[in-house]
Amino acid sequence: KSLSRTFYDHLQMEGKHFPEFNFTDLNNVVYNNGNTKGKTMILKCWFVNCKPCIVEFPELNQLVDNYKDRNDIVFIGLTLDSKKALKKFLLKKPTKYSTIANQETFISQSLNVHQFPTHFVINEDGIIVKVFDNSKSLISFLTKNLNKKDLNNSLKK
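Position in the sequence shown counted from 1, then plus 2, gives you the numbering used here.
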């Protein structure tokens, strides 16, 4: 039941605007609705003690590398953890996503995410195109759709 509920909740988010946000990553880079407009955002919700979240790091780092020449795509990781805990953790397990600390309230209240990892694909207009609970589904979707000029067509699939 829980899995079905999560899947249904994710499905209900697709086609809706991503909530207002203003994030600052561990390198002091700011991301908000204004400066990400016109870009595709790939967003992951995770935390340092989530084993399935960490297992995905190598393939997600490869994904970032695959699109490193595209300045129209942004990879962001929202975490529940403090900056201090993240910095220590990321020394051992690096991620190429821009990492944002202390996002428990945004993740649970604004996004209604309670299962980890959760991945969002947000198009250039700030619309949630897809929500996934694993990197394999995310990567498969992106491989088929990210090279299209407009991800809006993916909403119809």
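A virtual CB, placed ideally from N, CA and C, is assigned to each residue, including glycine. Note that this is a predicted model, so its numbers are computed, not measured.
Check	Outcome
I44 lies in the beta strand (DSSP E); which residues open and close that run?	42-48
Answer yes or no: do Y99 and I124 have a C-beta to C-beta separation smaller than 8 Å?	no
Mind checking which residues open and close the alpha helix (DSSP H) that includes S137?	137-147
Can you round the beta-carbon distance between P119 and C52 to whole angstroms, since I take them to be within the 8 Å contact cut?	7 Å
Pull up the CB-CB distance for I102 and T81, whole angstroms please, since I reckon it's below 8 Å.	7 Å
With a threshold of 7 Å on Cβ separation, who are the neighbours of Q117 within its own chain once the five nearest residues in sequence on each side are excluded?	T8, D135
To test your reading of the DSSP string, which unbroken alpha helix (DSSP H) runs of 4 or more residues are found completely within the stretch 20-82?	53-57, 59-68
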